[in-house]
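A quick write-up on the structure given underneath.
Pasting the structure below:
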């Protein structure tokens with residue numbers, strides 16, 4: 132029987148069974164104390180499934196889970212992930228106006244949850260995250276989202292840059308927040324299919340993705356502090372999108 136403890140598959144056999152059973156595995160942690168043969172075997176299996184994997188000191192695994200993990204832990208997602216282009220097709224088939232949020236390097240689970248909450252409230256079609264350098268989709272994230280992550284589709288992609296290019300080919304306008312932009316969010320036409328990109332608070336939108344933006348817009352402000360929390364910025368963007376598209380109807 133597969134050994135599962137809350138969000139974890141524990142041990143080598145549990146990992147193998149989990150992969151065979153199609154469990155939604157987010158990330159695998161392997162101890163650097165595993166023998167070379169076992170390590171090579173597991174790495175080959177994991178990478179064949181395009182699952183994120185880290186080889187770390189055993190102490191790291193001990194901190195993550197106090198069970199007898201035998202050097203192997205795999206975190207499981209509590210939600211089903213979608214592929215972006217499949218979701219876009221579904222949105223069009225439902226006769227809905229597509230708008231998506233793409234999170235570039237947002238690793239804070241509370242910001243992620245808050246963004247998901249706003250996205251669901253204001254009617255976005257889904258959220259796109261990267262397979263790496265993204266907040267985990269776990270029960271803490273679901274709690275932070277007030278349950279929104281159980282309602283709004285989440286797409287998980289290996290290459291966000293490639294995903295953006297696919298969306299642009301489908302006619303999506305790519306929008307990013309930029310405090311130095313001349314255009315404000317109220318001046319932007321958001322009635323076309325769009326993907327709104329948000330970067331981490333420390334680094335912002337990554338260089339390559341920033342170069343794909345069709346529109347750079349800013350949120351007007353009058354205070355002395357020069358930036359908003361990313362989840363607040365996202366909520367403002369989502370509200371403006373909802374307002375414009377409700378008016379269009």
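In our numbering, the protein residues as written are 132 to 380.
The beta carbon of each residue, even a glycine, is placed where N, CA and C say it ideally should be.
Query                                                                                                                                                                : Result
Could you check what DSSP says for residue 137 in three-state terms: helix, strand or coil?                                                                          : In this prediction, residue 137 scores a pLDDT of 48, lower than 50, which makes its location untrustworthy; the coordinate-derived value is nonetheless stated afterwards. Residue 137 falls in the coil class under three-state DSSP.
For residue 270, which residues of its own chain have a beta-carbon under 7 Å away from its beta-carbon, when the five flanking residues on both sides are left out? : 138 and 209
Taking only runs of the alpha helix (DSSP H) that begin and end inside the stretch 148-180, which ones reach a length of at least 4 residues, in chain order?        : 167-179
Under the rule that 16 or more other beta-carbon atoms within 10 Å means buried, what is residue 374, buried or exposed?                                             : exposed
Under a three-way DSSP split, which group does residue 276 fall into?                                                                                                : coil
Exposed or buried, what is residue 287 when buried is set at 16 or more other beta-carbons lying within 10 Å of its beta-carbon?                                     : buried
How big is the Cα-Cα spacing for residue 268 and residue 156?                                                                                                        : 11 Å
Grab the span of the alpha helix (DSSP H) containing residue 244 for me, first residue to last.                                                                      : 240-252
By Cβ distance below 7 Å, which residues in the same chain neighbour residue 177 in space, the five residues on each side in sequence not counted?                   : 159 and 184
Closer than 8 Å by C-beta to residue 297: which residues in its own chain qualify, once you throw out the five before and the five after it? Chain order, please.    : 215 and 216
For the 8 Å Cβ check, are there 3 or more pairs between the stretch 346-355 and the stretch 226-235?                                                                 : no
State the Cα-Cα distance for the pair residue 278 and residue 165, rounded to the nearest angstrom.                                                                  : 38 Å
Could you check what DSSP says for residue 198 in three-state terms: helix, strand or coil?                                                                          : coil
May I ask you to list the residues that DSSP assigns as paired with residue 95?                                                                                      : The structure shown does not extend to residue 95, since the chain spans only 132 to 380, so no value can be given for it.
Rounded to whole angstroms, what is the Cα-Cα separation between residue 206 and residue 353?                                                                        : 43 Å
DSSP three-state call for residue 347: helix, strand or coil?                                                                                                        : strand
Work out the CA separation of residue 171 and residue 400 for me, nearest whole Å.                                                                                   : Residue 400 lies beyond the residue range present for the chain, which begins at 132 and ends at 380; the question has no answer from this structure.
By the 10 Å Cβ neighbour count, where 16 or more other Cβ atoms means buried, how is residue 244 classified, buried or exposed?                                      : buried
Answer yes or no: do residue 324 and residue 218 have a C-beta to C-beta separation smaller than 7 Å?                                                                : no
Closest by CA to residue 162, which one among 145, 140, 200 and 276?                                                                                                 : 200
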